Ligand code: HEC
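Residue numbers (the working numbering): 14 to 162.
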């Protein structure tokens with residue numbers, strides 16, 4: 014009897030989780046006050062990314078010259094991806110940085126980008142996935158600095 018009960022409980026929890034995703038503050042019908050705005054990301058960008066990618070995102074930050082692999086121009090992300098801002102790719106990139114253990118003199122503590130609350134964020138697959146608020150803010154900021162043809 015016991016294993017069955019456990020299985021039922023697990024199933025119940027999974028159903029509850031799914032329900033949370035569906036009824037949760039999704040990107041579309043959500044509470045706008047709860048979603049980070051691009052302007053929130055601007056300050057984070059200046060703090061965590063500008064040293065390499067440059068204040069304007071052109072890949073010309075003060076650390077760039079000394080790097081063997083130059084930082085990319087982040088204003089060209091959309092142009093380089095068929096005129097569509099590659100949200101999921103950028104999110105993965107920022108996530109990778111946040112989780113890396115890069116450090117050294119003056120190197121920011123990227124893990125802070127993962128701290129704080131999660132917001133439901135659809136990075137292009139139609140599913141609102143709980144994502145750290147600061148990461149969403151940075152990605153939304155980058156979306157606003159894209160060059161167009
Ligand atoms: C220590 C320097 C450094 C910092 C700080 C840094 N980056 Fe980068 N970034 C790079 C380099 C170098 C590359 C190119 C990597 C490669 O080509 O493999 C890159 C690549 C990227 C790309 C991929 C661009 C493309 O066209 O594929 C994105 C997106 C990106 N960085 C975003 C960020 C964001 C957002 C931050 C701040 C949270 C950040 N980076 C902080 C050095 C840095």
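Each residue gets a CB set at the ideal place from its N, CA and C atoms; glycine is no exception. Just so you know, these numbers come straight off a predicted model, no measurement behind them.
Close CB contacts of residue 55 within its chain, under the 8 Å cut and outside five residues either way in sequence, are with 154 (chain order). With a cut-off of 7 Å, the C-beta of residue 158 is classified as distant from the ligand HEC, since no heavy atom of the ligand falls inside that distance.
Look at residue 134: its beta carbon is at least 7 Å from all of the heavy atoms in the ligand HEC. Secondary structure of residue 108 (DSSP, three-state): helix.
DSSP, read as helix, strand or coil, puts residue 50 in coil. A heavy atom of the ligand HEC is found nearer than 7 Å to the CB of residue 84. According to the DSSP secondary-structure assignment, residue 134 is paired through a beta bridge with 142.
Straight through space, the alpha carbons of residue 48 and residue 107 are spaced by roughly 18 Å. Within a 10 Å sphere around the beta-carbon of residue 101 sit fewer than 16 other beta-carbons, which makes this residue exposed. By the C-beta criterion, the segment 83-95 is judged to be in contact with the segment 62-73, since at least 3 inter-stretch pairs fall below 8 Å. The beta carbons of residue 156 and residue 129 sit no closer together than 8 Å. Annotated three-state conformation of residue 150 is helix, per DSSP.
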